[in-house]
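Protein chains: 2
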Amino acid sequence: MSAHHPATAELDLATVLHALSDPQRLQIVRELAADPEPRACGGFDLKVTKSTCTHHFRVLREAGVIEQQQLGTSRLNSLRRADLDERFPGLLDAVLAPVPA
Amino acid sequence: MSAHHPATAELDLATVLHALSDPQRLQIVRELAADPEPRACGGFDLKVTKSTCTHHFRVLREAGVIEQQQLGTSRLNSLRRADLDERFPGLLDAVLAPVPA
DNA sequence: ACAGAAGTTCGATAAACGTCGTACAATGAG
DNA sequence: CTCATTGTACGACGTTTATCGAACTTCTGT
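Here the protein sequences come in this chain order: A and B. Heads up, the first sequence is in my numbering, so the first residue is 1 and it goes up one at a time. Heads up, the second sequence is in my numbering, so the first residue is 1 and it goes up one at a time.
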């Protein structure tokens with residue numbers, strides 16, 4: 001069951017922005033960016049149920065923000081930083097930047 | 001009826017990203033960025049009705065992306081570029097940048 | 001005063017969204 | 001084999017969203 005990942009050239013800005021416009025998903029992306037080690041879905045401190053997590057990870061994957069690879073029963077998530085930087089230069093950096101005081 | 005504009009310090013990233021995640025609104029922002037002259041709502045080539053335009057301009061305004069000032073029967077829209085740059089440095093530039101070939 | 005132009009307001013509607021719970025499949029440990 | 005772990009699939013739910021049309025307000029020109 002190889003989940004669908006869009007190619008870099010197919011990434012759509014509106015779709016990516018929508019994927020990033022949810023607080024839970026924003027937190028996922030922030031944690032992934034903070035520690036570049038791929039991490040299983042359960043390794044995030046989200047205050048929603050498992051099935052909701054599945055939903056959010058799918059939205060991020062189908063938008064092309066993250067990549068998922070199966071490993072045992074876990075699914076390792078990693079940020080598609082290079083692809084995003086190539087297609088939308090500066091976007092991820094701006095989204096991940098701490099808010100100025 | 002002075003419409004509500006959020007203060008710069010109150011701009012919320014998720015809200016701004018959501019406001020930018022719609023094709024119509026993205027086009028509005030692009031046109032506003034291309035020509036820094038404030039423009040009336042009707043001056044955009046949108047393929048939706050007037051009342052839908054009202055909706056989109058309100059979403060952008062309440063997210064803090066645009067500023068609206070009344071002038072006669074028109075409402076002039078301008079991008080809050082300085083405020084956005086101050087609060088989310090690089091974000092607007094990344095969103096407005098042409099997609100690399 | 002009247003007519004036109006520019007937007008808003010107010011339902012309405014159909015679709016998408018975020019969330020949950022339960023049931024299910026697949027893998028790894030004992 | 002059995003069982004716990006990890007995540008998915010599916011249906012359900014209430015909310016939000018994007019869209020429209022019709023009626024309305026406000027200003028401007030004549």
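Even glycine gets a Cβ: it sits at the ideal position worked out from N, Cα and C. The structure displayed is predicted, hence computed values, not measured ones.
Short-range partners of chain B found in the segment 61-90 of chain A, where Cβ spacing is below 9 Å | Hits within the stretch, in order: 86, 87, 88, 89, 90.
Please confirm whether residue 26 of chain B and residue 33 of chain A have their CB atoms less than 7 Å apart.
-> As a first step, residue 26 of chain B is located in the second sequence; it is residue number 26 there, counting from the start. As a first step, residue 33 of chain A is located in the first sequence; it is residue number 33 there, counting from the start. No, Cβ-Cβ distance for residue 26 of chain B and residue 33 of chain A is not below 7 Å.
Over what stretch of residues does the alpha helix (DSSP H) that includes residue 30 of chain B continue unbroken?
-> For this step, residue 30 of chain B is matched to residue 30 along the second sequence. 23-34 is the span of the alpha helix (DSSP H), which, as asked, contains residue 30 of chain B.
Between residue 17 of chain B and residue 71 of chain A, what straight-line distance do the alpha-carbon atoms span, to the nearest angstrom?
-> In the second sequence, residue 17 of chain B corresponds to position 17, counting from 1. In the first sequence, residue 71 of chain A corresponds to position 71, counting from 1. When rounded, the distance between both Cα atoms is 32 Å.
Tell me which same chain residues have a C-beta within less than 6 Å of the C-beta of residue 102 of chain A, skipping the five on either side of it?
-> Nothing about residue 102 of chain A can be read from this structure; chain A reaches only from 1 to 101.
Return yes when the Cβ of residue 95 of chain A is within less than 7 Å of the Cβ of residue 46 of chain A, no when it is not.
-> By 1-based counting over the first sequence, the position of residue 46 of chain A is 46. By 1-based counting over the first sequence, the position of residue 95 of chain A is 95. No. Outside cutoff.
Using 7 Å as the limit for Cβ to Cβ distance, is residue 94 of chain A near chain B?
-> As a working mapping, residue 94 of chain A is identified with position 94 in the first sequence. With its beta carbon less than 7 Å from one in chain B, residue 94 of chain A belongs to the interface.
Sufficient close CB pairs (3 or more, under 8 Å) joining the segment 38-54 of chain A to the segment 72-86 of chain A = yes
Excluding the 5 residues preceding and the 5 following residue 62 of chain B in the sequence, name in chain order all residues of the same chain whose CB lies nearer than 6 Å to its CB.
-> Translated into the one-based positions of the second sequence, residue 62 of chain B becomes position 62. Same-chain partners within the cutoff: there are none.
Can the beta-carbon of residue 56 of chain B be found closer than 7 Å to that of residue 24 of chain B?
-> The count along the second sequence starts at 1 and reaches residue 56 of chain B at position 56. The count along the second sequence starts at 1 and reaches residue 24 of chain B at position 24. For residue 56 of chain B and residue 24 of chain B, yes; Cβs fall inside 7 Å.
Leaving out the 5 sequence neighbours to the left and right, which residues in its chain are closer than 8 Å to residue 3 of chain B when beta-carbon positions are compared?
-> Position 3 of the second sequence, counted from the start, is the residue given in the question as residue 3 of chain B. So the qualifying residues of the chain are 58, 61, 68.
N- and C-terminal bounds of the beta strand (DSSP E) containing residue 17 of chain A = By one-based count along the first sequence, residue 17 of chain A stands at place 17. Per DSSP, residue 17 of chain A is not a residue of any beta strand (DSSP E); the alpha helix (DSSP H) it occupies stretches across 13-20.
Presumed contact (8 Å Cβ cut-off) between residue 81 of chain B and residue 100 of chain A, rounded CB distance | Working through the second sequence from its first residue, we reach residue 81 of chain B at position 81. Working through the first sequence from its first residue, we reach residue 100 of chain A at position 100. The Cβ separation is near 16 Å, so there is no contact.
Separation of residue 49 of chain B from residue 90 of chain A, as counted between CA atoms | Sequence index remark: in the first sequence, residue 90 of chain A carries index 90 (1-based). Sequence index remark: in the second sequence, residue 49 of chain B carries index 49 (1-based). Roughly 34 Å between the two C-alpha positions.
Reduced DSSP secondary structure (H/G/I, E/B, other) of residue 40 of chain A | Counted from its first residue, the first sequence places residue 40 of chain A at position 40. It is a strand residue.
Output yes if chain A places a C-beta closer than 7 Å to the C-beta of residue 108 of chain B; else output no.
-> This structure cannot speak to residue 108 of chain B, because chain B is shown only from 1 to 101.
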